[in-house]
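Right, one structure below, let's go through it.
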Amino acid sequence: MAVFWILFGIICCQFITVSADDIVVACGGFVKSDVEINYSLIEIKVYTKQGSLKYQTDCAPINGYFMIPLYDKGDFVLKIEPPLGWSFEPTSVDLYVDGVNDICTKEQDINFVFTGFSVSGAVLSKGQLLGPAGVEISLTREGTGEKLQTVLTQPGGKYTFSKVLPGNYDIIASHPSWTLEQSATSVRVSSANAAAAEHLVVGGYDVSGEVRSDGEPMKKVTFLLYSATVKKEDISGCNTAPVDGAESGDDSLVYVCSALSREDGIFSFPSLASGDYTVVRWPPQHTRVVHTALIPWQISPGLRKCSVKRPFEDYVFSTYHSQLMCVAETAQLVFLCCLLCVKYP
């Protein structure tokens, strides 16, 4: 009989141990927002620490309440997964469920607070479908100038503001050396992500060059700018007066303007619209006269510095723009402004 009771006690202890590990707790709380949002678009998910989905549920469409049951002890991650562009604080909560002292067992709410929608837009090069990176974009309260956020455009010209609450806003673009043809637009945010009312437009880019002989800067050297695609009204800051006797050697090219090198050998065209340009040194020196500049801003910046080997001895022609330096010790050069540097065929 004594043996029977000992065995019975052991079985009972084992049963009690298994039952202690077998729990059922509910992790619940609210998705909270001071502005109108569609709670039914939001999901709450529980993942293991290894990233496996354990459980998921929707929010109550009226008040954002959610509840997720857990049947196991252990470490988990509770995440809110809203539509793309919606922001919440926090975005996730680490859980350690022990069935005794954890937040779920104690029936404490886990809340996610809505912090705003996203606002998107683009800065384009004039006449192009894409634009440059590096333009500063500011979000301000409508009519006040109060700056709320500042971002830089990405390659292609796109920009995005996050955590923007409903309201009316102004969007302002700026750049230290580029000419902005349209520098302001507006946006109205209500109950979803919003897009800027209009694209912003860069009307012109600054292009500078340097001319040297035997390593020394050459002053008062004239450079003529031609183009088959850009009109005079699309450029500014350089001398549009014609130069007597100057010819490009290509009937398809039209004279646009000229620039004169300074004491340090630097010459510049302050504001050129996107397009194809040919730069000609005037007066010509033998056959080494053509330098071609392309400014297709639909190409993303790929190189920060590049150089071309020298087939001729007389002149070094370098061009730089923003963070790009292209040095070409050659008679003929194609450079993509702030983009690429290669030898002209």
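All residue numbers for the sequence shown refer to the numbering used here, where the first residue is 352 and numbers rise by one. The C-beta atom is built at its ideal place from N, Cα and C for all residues, glycine as well.
**Asked** Based on Cα-Cα distance, which residue from G596, V428 and G616 lies nearest to E567?
**Response** G616
**Asked** So is K583 buried or exposed if we call it buried at 16+ other beta carbons inside 10 Å?
**Response** exposed
**Prompt:** Can you name, in chain order, every residue of its own chain whose Cβ lies under 6 Å from the Cβ of S541, other than the five neighbours on each side?
**Reply:** P517
**Asked** When the Cα of F381 is compared with those of C410, V397, L429 and E387, which residue comes out closest?
**Response** C410
**Prompt:** Span of the beta strand (DSSP E) holding D409?
**Reply:** L404 to D409
**Request:** Give the secondary structure of K583 by DSSP, where H, G and I count as helix, E and B as strand, and everything else as coil.
**Result:** helix
**Request:** Would you kindly work out how many angstroms separate the C-alpha atoms of K700 and Y398, rounded to a whole number?
**Result:** Residue 700 lies beyond the range of the chain shown here (352 to 696); nothing can be said about it.
**Message:** Measuring straight from C-alpha to C-alpha, what distance separates T491 and P441?
**Reply:** 25 Å
**Item:** Rounded Cβ spacing between G487 and H526 (contact assumed at less than 8 Å)
**Value:** The amino acid occupying residue 487 in the given sequence is Glu; Gly does not appear at that position. Sure, about 7 Å apart at Cβ, within 8 Å.
**Prompt:** For F439, which residues from the same chain have a beta carbon less than 8 Å from its beta carbon, with the 5 sequence-adjacent residues on both sides left out?
**Reply:** V382, I431, P433, F463, V464, F465 and T466
**Asked** Shortest alpha-carbon distance to G626 belongs to which of Q479, I461 and F417?
**Response** Q479
**Request:** Mind checking which residues open and close the beta strand (DSSP E) that includes P420?
**Result:** Y416 to L421
**Spatial distance of V515 from E532 (CA atoms)** = 26 Å
**Asked** So, helix, strand or coil for S391, using DSSP?
**Response** helix
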